[in-house]
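Here the structure is laid out as structure tokens; the discussion comes afterwards.
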Amino acid sequence: MLKASAASTVVCMARPFSFQFLSLRRSARTVDLTGGVLRRPLSTYQARSSATATAASTSTQPFRDQSQHLPDVTHDDLPIISQDVGQVAIGWDTRLWSRFHNIWLRDHCRCPNCFHGITKQRLFNTFDIPKDIAPLRVESKPNGLEVTWPSKEPHASFYPWAWLQRNSYDPPLSRPPDLAEKILWGSKIQKSPPTVTYDEVMANDDRGLYKWLTNIHVFGFSFVTGVPATPEATEKLSRRIGFIRETQYGKFWDFTSDLAKGDTAYTTLALGAHTDNTYFTDPCGLQLFHLLSHTDGTGGATLLVDGFYAASIMKELHPEAYELLSKVPVPAHAAGELTSLYRPSPSSGYPTLGHDPITGEITQVRWNNDDRSVMNHLAPELVEKWYDAIRLWNQCLTSPDSEYWVQLQPGTAVVVDNHRVLHGRSAFDGKRRMCGAYIGVDEYKSKLAVLREQFAPDAVVQASSDIPNAQPDGRSIWNPAL
Ligand SMILES: [Zn+2]
1 MLKASAASTV
11 VCMARPFSFQ
21 FLSLRRSART
31 VDLTGGVLRR
41 PLSTYQARSS
51 ATATAASTST
61 QPFRDQSQHL
71 PDVTHDDLPI
81 ISQDVGQVAI
91 GWDTRLWSRF
101 HNIWLRDHCR
111 CPNCFHGITK
121 QRLFNTFDIP
131 KDIAPLRVES
141 KPNGLEVTWP
151 SKEPHASFYP
161 WAWLQRNSYD
171 PPLSRPPDLA
181 EKILWGSKIQ
191 KSPPTVTYDE
201 VMANDDRGLY
211 KWLTNIHVFG
221 FSFVTGVPAT
231 PEATEKLSRR
241 IGFIRETQYG
251 KFWDFTSDLA
261 KGDTAYTTLA
271 LGAHTDNTYF
281 TDPCGLQLFH
291 LLSHTDGTGG
301 ATLLVDGFYA
311 ASIMKELHPE
321 AYELLSKVPV
331 PAHAAGELTS
341 LYRPSPSSGY
351 PTLGHDPITG
361 EITQVRWNND
371 DRSVMNHLAP
381 ELVEKWYDAI
391 RLWNQCLTSP
401 DSEYWVQLQP
411 GTAVVVDNHR
421 VLHGRSAFDG
431 KRRMCGAYIG
441 VDEYKSKLAV
451 LREQFAPDAV
461 VQASSDIPNA
471 QPDGRSIWNP
481 AL
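FYI, in full-length UniProt numbering the residues of the sequence shown are 1 to 482.
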């Protein structure tokens with residue numbers, strides 16, 4: 001049985017391990033994973049380890065349902081404002097109020113004296129604000145809240161309504177997802193894998209580049225077809241996203257199976273699904289690779305596995321194992337070259353599954369069983385449980401439902417989000433020449449954020465665009481990233 005939603009989310013409910021495309025943030029839909037045993041809303045797939053869930057529920061209140069619509073502020077129906085002890089309350093409608101502490105409002109003043117419109121940096125000393133600061137006056141203006149502070153020089157702060165709604169913390173109000181929703185996938189992605197063309201990506205208008213990076217954001221990988229089968233063209237393609245990250249393997253790499261570097265990647269052996277750089281504190285964000293030639297042999301199919309999809313299944317079927325993978329740090333090393341000896345900092349490593357500490361959402365998969373170091377930090381009673389957990393994890397990763405196998409051809413490059421999608425390959429013979437590059441996660445996200453300002457501007461930025469001094473240099477001071 002297949003269901004399709006408006007967001008092209010397809011959920012297959014025929015058997016365990018068989019739902020193929022899940023949207024990470026979709027809520028209030030029920031997926032039956034085990035022929036009737038489990039019935040939970042799909043919102044549970046917003047993967048949350050119970051450790052972080054507990055921390056989040058004690059430190060922050062849960063976000064309101066995404067579907068709950070905040071009232072738009074109109075000029076003839078302005079919010080009611082009231083000054084309470086230590087804070088200002090804003091009534092969006094009769095039942096829904098946001099409260100902001102006086103110290104918070106003063107600290108977030110974005111007047112030209114307090115916030116530099118070009119550098120987007122704070123200009124005053126937060127610690128000069130009296131602890132008991134209170135407004136002289138608060139006023140509901142057509143575009144936002146105006147607060148006048150006691151000071152020698154007249155000083156008024158202004159906050160757009162949409163910005164206050166977005167940043168409301170008491171209570172937290174619905175916030176749109178940062179970007180397009182992520183779609184989790186299994187092997188059926190082979191029917192229509194995300195793809196862009198080289199010409200699109202290289203075009204000057206950046207629209208194809210935006211499409212490429214959005215593919216990576218949504219699916220965790222994307223093919224690029226029509227790439228000239230040369231290292232030069234592939235390097236140009238990589239540089240469309242950002243700086244190439246130099247590592248012990250070099251900057252832009254171009255290699256064959258000659259063990260030029262002490263790593264299994266430089267052999268003809270099969271490689272199970274893994275993420276790269278588990279031995280780094282900050283594993284590379286994207287990996288781009290391009291098969292330039294394969295002569296005198298066969299094999300060498302590429303394997304891709306959506307780690308977030310595998311994790312969502314782990315969480316549903318084996319919640320205790322999921323929690324262990326979310327908590328137990330795994331040490332790792334890169335030691336195949338005598339001139340380097342890499343370990344993450346701290347050297348106890350990081351858990352296999354990483355989460356946003358506030359939202360509990362899964363943010364990173366780190367998994368390379370070959371690079372794992374000695375597990376000498378496990379409590380004795382956890383040793384067998386942890387080995388059981390990674391066995392289950394390995395089952396989720398190697399299930400035929402999870403594995404997407406593809407035979408790459410010269411001319412098609414693939415870029416993979418190394419914090420989400422695991423990659424591997426089958427053994428091969430003959431001679432293969434591959435080239436590619438690492439790109440840092442921050443470079444990729446920065447480029448995507450800039451393209452989004454151009455092609456999908458934020459609602460708060462749009463709502464506050466006609467406020468004086470909102471955009472002194474083309475970037476709004478009310479940008480949600482600031
Ligand atoms: Zn100010």
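Beta carbons are placed, not taken as given, at the ideal position from N, Cα and C, and that holds for glycine.
DSSP places serine 340 outside any beta strand (DSSP E), giving it a letter other than H or E. For alanine 156, the enclosing beta strand (DSSP E) has its first and last residue at 155–160.
Distance from the C-beta of histidine 155 to the nearest heavy atom of ligand 1 is below 7 angstroms. The three-state reading of DSSP puts glutamate 146 in strand, counting E and B together. Just so you know, the alpha carbons of phenylalanine 455 and aspartate 306 end up roughly 27 angstroms apart. Taking 7 angstroms as the cut-off, one finds no heavy atom of ligand 1 near enough to the beta carbon of asparagine 204.
Between arginine 425 and valine 365, the C-beta spacing is not below 8 angstroms.
In the three-state scheme derived from DSSP, where H, G and I count as helix and E and B as strand, glutamate 316 is classed as helix. Serine 168 and isoleucine 81 have their C-alpha atoms spaced approximately 14 angstroms apart.
Using a C-beta cut-off of 8 angstroms, the region 149–156 makes contact with the region 106–116, since at least three inter-stretch Cβ pairs fall below that distance. For valine 305, no alpha helix (DSSP H) encloses it; the enclosing beta strand (DSSP E) starts and ends at 302–306.
In the DSSP assignment, lysine 431 forms a beta bridge with Thr295.
Secondary structure within the region 185–255: the alpha helix (DSSP H) runs of 4 or more consecutive residues, fully enclosed, are 198–202, 207–219, 231–239 (chain order).
If you look at glutamate 139, you'll find it isn't in any alpha helix (DSSP H); it sits in the beta strand (DSSP E) that goes 137–140. Sorting Arg391, Arg239, Leu353, Asp282 by C-alpha distance to the C-alpha of glycine 436 places Arg239 at the top.
Going by DSSP, threonine 398 is part of the alpha helix (DSSP H) stretching over 383–398. Serine 257 sits away from threonine 264, with the two beta carbons spaced by 8 angstroms or more. When secondary structure is reduced to three states using DSSP, leucine 286 falls in the strand class. The beta-carbon distance between proline 71 and serine 140, rounded to whole angstroms, is 14 angstroms. This is too long to meet the 8 angstroms contact definition. By the criterion of a C-beta distance shorter than 7 angstroms, lysine 251 is surrounded in its chain by Ile244, once the five residues flanking it on both sides are discounted. From the listed residues Lys188, Glu232, Val73, the smallest Cα separation to leucine 164 is found for Val73. As DSSP reads the structure, serine 82 sits in a beta bridge with Ala89.
Proline 346 and alanine 332 have their alpha carbons spaced roughly 11 angstroms apart. Note on geometry: alpha-carbon atoms of histidine 274 and asparagine 204 lie some 35 angstroms from one another.
Arginine 122 has its alpha-carbon roughly 39 angstroms from the corresponding atom of tryptophan 367. The three-state reading of DSSP puts tyrosine 309 in helix, counting H, G and I together. In this structure, the beta-carbon distance from phenylalanine 223 to threonine 363 does not fall below 8 angstroms.
Exposure of aspartate 76 is indicated by the presence of fewer than 16 other C-beta atoms within 10 angstroms of its C-beta.
The C-beta separation of valine 374 from alanine 162 comes to about 53 angstroms, leaving the pair out of contact by the 8 angstroms criterion. Buried is the label assigned to leucine 303, since at least 16 other Cβ atoms lie within 10 Å of its Cβ. Under the DSSP assignment, phenylalanine 455 falls in the alpha helix (DSSP H) whose first and last residues are 441–455.
Close CB contacts of threonine 281 within its chain, under the 8 angstroms cut and outside five residues either way in sequence, are with Pro344, Ser345 (chain order).
Asp206 is the residue among Val218, Ile118, Asp206 whose C-alpha sits nearest the C-alpha of leucine 237. In its chain, beyond the 5 residues on either side, Ala301, Leu303 have a beta carbon closer than 6 angstroms to the beta carbon of tryptophan 405.
Short note on asparagine 113: C-beta closer than 7 angstroms to some heavy atom of ligand 1.
By the CB criterion at 8 angstroms, glycine 220 and valine 416 fall inside the cutoff.
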